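K.L.:
Would you mind keeping the following structure in view while I ask a few things?
Residue numbers (the working numbering): 974 to 1080.
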């Protein structure tokens, strides 16, 4: 192994400015992570930055596998207003009746 190897980079430390629940999507700089445990306000916990997670979606969006999704008002959506951060890509179709969608993070 290279002597400068630090870690696999699958998790990132999250400092909770407000209480975070396990499974919450959290933006850390320019990447997204899903909290692995509940993190009380002011405490530090870990978030997973890789993988596919079920996330709340804008119900009116008909999401197809492979499409980019952006975060706005706590839900992923297909439309980017220009300042909405990229969360990842849709991992399986989710129609307009679905309230959640599987998303591969940070792609």
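Built from N, CA and C at the ideal position, the CB exists for glycine as well.
Computed from a predicted structure; not experimentally measured.
So does the segment 1031-1048 actually touch the segment 1011-1022, counting three or more Cβ pairs closer than 8 Å?
P.N.:
Result no; under three Cβ-Cβ pairs closer than 8 Å.
K.L.:
When burial is assigned at 16 or more other CB atoms within 10 Å of the CB, is residue 1061 buried or exposed?
P.N.:
Counting Cβ neighbours within 10 Å, residue 1061 comes out buried, since at least 16 surround it.
K.L.:
Does the distance from the CB of residue 1024 to the CB of residue 1078 come in under 9 Å?
P.N.:
The answer is yes: Cβ separation under 9 Å.
K.L.:
Counting only runs of 3+ residues fully inside the segment 983-1032, write out the beta strand (DSSP E) ranges in chain order.
P.N.:
Segments of the beta strand (DSSP E) lying fully in the segment 983-1032: 984-988, 998-1001, 1004-1008, 1017-1021, 1025-1029.
K.L.:
Could you spell out where the beta strand (DSSP E) holding residue 981 opens and where it closes?
P.N.:
Note, residue 981: premise wrong, no beta strand (DSSP E); not H, not E.
K.L.:
On the CB-based measure, 16 or more other CB atoms within 10 Å of its CB, does residue 978 come out buried or exposed?
P.N.:
It is exposed - the Cβ of residue 978 has fewer than 16 other Cβ atoms within 10 Å.
K.L.:
Near residue 1072, which residues of its chain fall below 7 Å by C-beta distance, leaving aside the five closest residues on each side in sequence?
P.N.:
Excluding residues within five positions, the ones whose Cβ falls inside 7 Å are 1029, 1030, 1032.
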